Structures are given as structure tokens and as C-alpha cells.
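Peer 1: Everything in the sequence shown is counted per my numbering, starting at 5 for the first residue and increasing by one.
Below are the C-alpha cells for one structure; questions will follow.
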Amino acid sequence: MVLPRLSLSQKIGGSFVFFAAALLALISWLAPEPLLLATTAVLLLLFALLLLRSLKSLALELSALNLYAANLQDQAYQCSANKAVLSELMPLAVTLDTMAAELRRQRAGLYQRELLLDTVLQSSPSAILLTDEQGRVLLSNPAARQLLSQGRRFEGLLLSEVLQHLPQLAAALPAFLASQQQGLIHLGEPAAIWHLSASQFLLNQRRHQLYIFKPMTQEIQREELSAWKKLLRVIGHELNNSLAPLSSLAYSAQQLAPEPELVQILQTISERCHHLNQFLQAYIQFAKLPPPSLAEVNWPRLINQLHDHYEFELVGELPAGRWWLDQSQLMQLLLNLLKNAHEAGADATKIELEFSEQPQFLQISLRDNGGGISPALLEHALLPFFTTKQQGSGIGLTLCRDIVEAHGGQLLLKNMNAGLLVQIQLPRHKVASAAETQAF
């Protein structure tokens with residue numbers, strides 16, 4: 005049989021009753037005088053009353069501390085013990101207050117760290133996935149949802165189900181996970197390159213897998229462009245040093261040549277030198293593209309200048325807001341795109357230029373009906389020196405992308421219907437006006 009658990013007050017009261025009974029029994033046995041027994045009984049009763057009062061006060065203090073401890077157990081660290089009923093146990097209450105303050109500080113710090121981590125995960129351009137030992141997705145950030153599921157959430161699904169439309173990635177993940185190695189993988193939009201790292205770790209005694217996809221397309225393209233530009237500057241310098249004297253000598257020889265046949269040969273040499281120099285200047289212009297000089301864009305003037313060179317249809321209204329861009333570079337960008345559309349055989353009435361203003365970026369769309377680009381070539385269309393034209397230099401679209409990225413934007417090519425859609429997103433730049441600058 006299990007005995008009931010006694011409280012501290014019950015234990016002390018029971019002990020006192022046992023002690024009083026034993027004392028009275030001893031006195032009655034040693035000195036059985038009624039007066040002595042009565043006096044002892046009265047003294048014991050008074051002592052019992054004092055002890056009962058003290059035990060009641062102690063029980064009240066213990067009750068207050070028990071309630072405080074229960075609040076701490078429920079993580080209510082902002083609470084405190086009732087100091088009005090505390091006396092003997094006040095030092096213990098002060099110690100608990102100190103502990104609660106420390107727990108409150110640590111919880112606030114932990115919350116701030118969790119908030120910071122969540123903010124980093126949600127805003128990171130890297131796609132992050134966490135799965136359990138069964139391969140079920142426990143966590144994904146917006147970049148991962150955009151990369152693998154067109155922005156839809158897929159927590160709770162098996163990763164194999166999410167990757168059904170990406171068989172190449174589904175086949176590559178186990179190898180990356182088994183070898184614990186990192187590498188590059190092509191994924192998503194054409195020519196999109198991602199750095200993939202996969203790792204395993206134990207969490208709550210269960211194995212988990214972490215996958216991190218870091219976008220590398222822009223970094224690789226930026227380094228590639230930088231290398232090409234350095235090479236072009238060296239080659240351009242050497243060719244210029246040779247072409248200038250050759251052209252001059254050919255012209256001088258034309259003036260001195262006695263035979264018409266020789267004059268024709270020298271004229272052909274001079275013309276080829278001139279053509280080669282023009283061809284070279286296009287590459288030098290690409291290699292020496294200056295940083296954007298931001299100024300407020302005059303949109304009507306820009307459209308009129310474009311119409312002076314090529315025909316096209318303006319869809320919708322011009323941007324109403326103030327946009328700070330390099331107008332000369334923007335002009336070159338749109339001229340290159342309009343030139344490509346006309347050379348692709350597009351009908352001038354079907355070449356449409358449209359502007360769409362968003363709070364943080366400006367989207368420029370150019371559509372044509374020139375037949376588009378085959379999927380095999382679309383992946384390479386933005387690579388330097390790639391061209392399908394017999395007389396093309398292969399830097400038109402590359403220069404366009406360089407101008408857009410120099411502004412911090414993005415250029416995308418898409419086949420739509422019977423033509424090509426070029427989408428340009430340019431971020432909003434905040435530039436102080438002259439009056440604001442003088443105020444400082």
C-alpha cells in the first residue's frame with residue numbers, strides 16, 4: 005500500500021504532536037503532579053499555536069514560490085513572485101528573479117538570432133532545402149520554391165516528387181550527397197549555372213540532408229566578359245598599330261603608282277584596312293564600355309531618336325515616374341535590339357516596345373514576329389562572339405547584357421508565338437537632385 009505524501013506543514017505538525025505526547029507521558033511518569041502536567045500542557049498549546057502560525061506563513065511563502073516556479077516552467081519569464089507574502093524565503097525569490105532575468109535575456113537573444121536567420125534564409129538568392137531521413141522536405145526558402153516549383157510551397161512532400169520535372173537534378177543529388185562534394189550544375193532558365201553543395205547531419209538523433217544551390221551564372225559571365233575585354237584591348241592595340249601605317253602606305257602608294265592595275269590593288273588593300281578597322285572598333289567599344297552615367301531619362305526624346313533609326317510600335321504609355329539611367333547607353337541597348345528584330349525579318353508593325361513601371365524596377369519589353377531563336381541557339385545567344393549572321397560580330401546582345409548588368413538589371417530572352425520576347429528589368433536608382441546636393 006502506498007502511503008499518502010505529506011506536506012512540510014503536516015510533517016512538522018505531526019512531529020510536534022508526537023513530541024508533546026511523549027513529553028507529557030514522561031512528566032506524568034517522573035512527576036505525576038496535576039499542576040505540573042497542566043502547566044506543561046498549556047505551554048505546549050501556546051507553542052503549538054505559535055508553530056501553527058509560523059507554518060501557515062511558511063506555507064503561504066512556499067505557495068507563492070511554487071506559483072512562481074510554475075510560471076517559469078511555462079516560460080513566463082516576465083512574471084515575479086508576490087513579494088508581499090515573502091519573508092524567510094525572500095533570498096530564494098531574489099535568486100529566482102535573477103535566473104528569470106537571465107532566461108528572459110537569453111530568450112530575447114535567441115529570438116533575435118532566429119529572426120535574423122529567417123530573414124537571411126527568406127532573402128537569400130541561394131536556394132536552400134532541408135529534408136529528413138525519408139527525403140521529405142522540411143524547409144525551403146523562396147529562392148528554392150522559385151527554382152524548383154515556380155514559387156509554390158512544397159514542404160511535406162518527398163523531394164523525389166518535387167523533382168519529377170527535373171530528372172537530371174534528381175539523378176545528380178544522390179551522387180553529390182554520397183560524395184559530400186560540391187560542383188556546378190545547369191538548372192532552370194537557359195544557361196543558368198548553379199553551385200550545388202549537399203551535406204548530412206544529425207538533428208534530434210535523426211539524419212537530415214541540407215542542399216544549397218548558389219546562383220553562379222552572373223559571376224561566371226562577369227568573369228568571362230572581363231577576360232574577353234582584357235584580350236580585346238590587347239589585340240585591338242596591336243592591330244591598330246599595324247592597320248594605321250598599312251592604310252597610310254596604301255594611300256601613298258596609290259598616288260605614286262603608274263599602272264592602273266596596281267592602283268586598283270592598292271585601293272583594295274586600303275578598303276580592306278578600313279573595313280577591318282571598323283570591325284575592330286566595334287569590339288573596342290564593347291571592351292571599353294564605361295560605367296553608367298546616371299541622369300533622369302527624357303523618354304519622349306529617347307523614343308523620337310529611336311524612331312529616327314527604326315520603325316516600331318509603342319504599346320501603352322511612356323514611364324510617368326522619374327528614372328535615373330544612362331540615356332546614351334539605354335539608347336544603344338534599344339537600338340541593338342531593334343536592329344536585331346529588323347534583321348530577323350520581323351514586320352515593322354509587329355515590333356512592339358512596351359514599358360511597365362513597378363515600385364522597385366522598370367520593365368522594358370520588346371516583341372517581334374521574326375521567327376524567334378531555336379532552343380539550341382537560345383542558350384548561347386548571350387555569349388560573347390556568338391552569332392548566326394554571316395557578317396555579324398557576335399557582340400550585339402552581349403553588349404546589351406553588359407549595359408543592363410552595369411545598371412544592376414537583368415536581360416532575358418524568350419520565344420513567344422512566332423517571334424522573340426526580350427525582357428529588361430532595370431532597378432530604380434535614387435540620385436540626389438542638384439538642389440538636394442547644394443543643401444548638403
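Virtual Cβ for every residue (Gly too), placed ideally from N, Cα, C.
A quick note: this is a predicted structure, and the numbers were derived from the prediction, not measured.
Check Asn419 in the structure and name its three-state DSSP category.
Peer 2: strand
Peer 1: Residues in its own chain within less than 7 angstroms of Leu134 by CB, not counting five upstream and five downstream?
Peer 2: Leu142, Leu143, His212, Leu214
Peer 1: From this set, Lys354, Phe205, Ser252, Arg305, which residue's C-alpha is nearest Ala182's C-alpha?
Peer 2: It is Phe205 whose Cα lies nearest to the Cα of Ala182.
Peer 1: Is the number of C-beta pairs between the segment 307-321 and the segment 399-412 that are closer than 8 angstroms three or more?
Peer 2: no
Peer 1: Using the Cβ count rule (16 or more neighbours within 10 Å means buried), how would you classify His433?
Peer 2: exposed
Peer 1: Using 8 angstroms as the threshold, is the segment 411-426 in touch with the segment 336-354, meaning 3 or more CB pairs across them?
Peer 2: yes
Peer 1: Does the Cβ of Tyr72 have 16 or more other Cβ atoms within 10 Å, making it buried, or fewer, making it exposed?
Peer 2: buried
Peer 1: Work out the CA separation of Leu114 and Ser84 for me, nearest whole Å.
Peer 2: 22 angstroms
Peer 1: Of the residues Pro171, Ala175, Phe217, which one's Cα is nearest the Cα of Leu188?
Peer 2: Phe217
Peer 1: Does DSSP put Pro129 in a helix, in a strand, or in coil?
Peer 2: coil
Peer 1: Less than 8 angstroms separating the beta-carbons of Ala80 and Leu90?
Peer 2: No, the Cβ-Cβ distance between Ala80 and Leu90 is not below 8 angstroms.
Peer 1: Buried or exposed: which applies to Glu165, given that a residue is buried once 16 or more other Cβ atoms fall within 10 Å of its Cβ?
Peer 2: exposed
Peer 1: Considering only C-alpha positions, which residue in the set Arg405, Asp136, Phe180, Leu200 is nearest to Leu161?
Peer 2: Among Arg405, Asp136, Phe180, Leu200, the Cα nearest to that of Leu161 belongs to Asp136.
Peer 1: Between which two residues does the alpha helix (DSSP H) holding Pro146 run?
Peer 2: 146-153
Peer 1: Would you kindly check if the distance between the Cβ of Val319 and the Cβ of Glu275 is under 8 angstroms?
Peer 2: no
Peer 1: Roughly how many angstroms separate the alpha carbons of Arg405 and Leu370, rounded to a whole number?
Peer 2: 14 angstroms
Peer 1: For Ala299, count the other beta carbons within 10 Å of its own beta carbon; 16 or more makes it buried, fewer makes it exposed. Which is it?
Peer 2: exposed
Peer 1: In whole angstroms, give me the CA-to-CA distance for Asp330 and Gln362.
Peer 2: 19 angstroms
Peer 1: Please classify Val301 as buried or exposed, where buried requires at least 16 other C-beta atoms within 10 Å of its C-beta.
Peer 2: Classification for Val301: buried.
Peer 1: Classify Leu121: buried if its beta carbon has 16 or more other beta carbons within 10 angstroms, exposed otherwise.
Peer 2: exposed
Peer 1: Is the CB-CB distance between His313 and Leu339 below 8 angstroms?
Peer 2: yes
Peer 1: Indicate the three-state DSSP secondary structure (helix, strand or coil) for Glu300 in the structure shown.
Peer 2: strand
Peer 1: What's the gap between the Cα of Leu417 and the Cα of Asp372?
Peer 2: 12 angstroms
Peer 1: Which two residues bound the contiguous beta strand (DSSP E) that contains Leu337?
Peer 2: Here Leu337 belongs to no beta strand (DSSP E); instead the alpha helix (DSSP H) covers 331-347.
Peer 1: Give the range of the beta strand (DSSP E) segment to which Glu358 is assigned.
Peer 2: 356-361
Peer 1: If you drop the 5 nearest sequence neighbours on each side, which residues of the same chain put their C-beta closer than 7 angstroms to that of Gly374?
Peer 2: Ala345, Ala348, Gly349, Ala350, Gly423, Leu424
Peer 1: With DSSP as the reference, label Ser201 as helix, strand or coil.
Peer 2: Ser201: strand per DSSP, three-state reduction.
Peer 1: Would you list the residues sitting across from Glu317 in a DSSP beta bridge?
Peer 2: Partner residues in the beta bridge of Glu317, as assigned by DSSP, are Glu356.
Peer 1: Classify Ser72 as helix, strand or coil using the three-state DSSP reduction.
Peer 2: In the sequence as displayed, the identity of residue 72 is Tyr instead of Ser. Helix, per DSSP.
Peer 1: At the level of alpha carbons, what is the spacing between Gln427 and Asn419?
Peer 2: Approximately 11 angstroms between the Cα atoms of the pair.
Peer 1: Ile273 by DSSP, collapsed to three states: which one?
Peer 2: Ile273 falls in the helix class under three-state DSSP.
Peer 1: Report all residues from its chain with a CB closer than 7 angstroms to the CB of Ala352; omit the five preceding and five following residues, and keep chain order.
Peer 2: Glu315, Phe316
Peer 1: With C-beta atoms as the reference, is Gln126 less than 8 angstroms away from Pro146?
Peer 2: yes
Peer 1: In the DSSP output, which residue or residues are listed as bridge partners for His212?
Peer 2: Phe205
Peer 1: By the 10 Å Cβ neighbour count, where 16 or more other Cβ atoms means buried, how is Leu341 classified, buried or exposed?
Peer 2: buried
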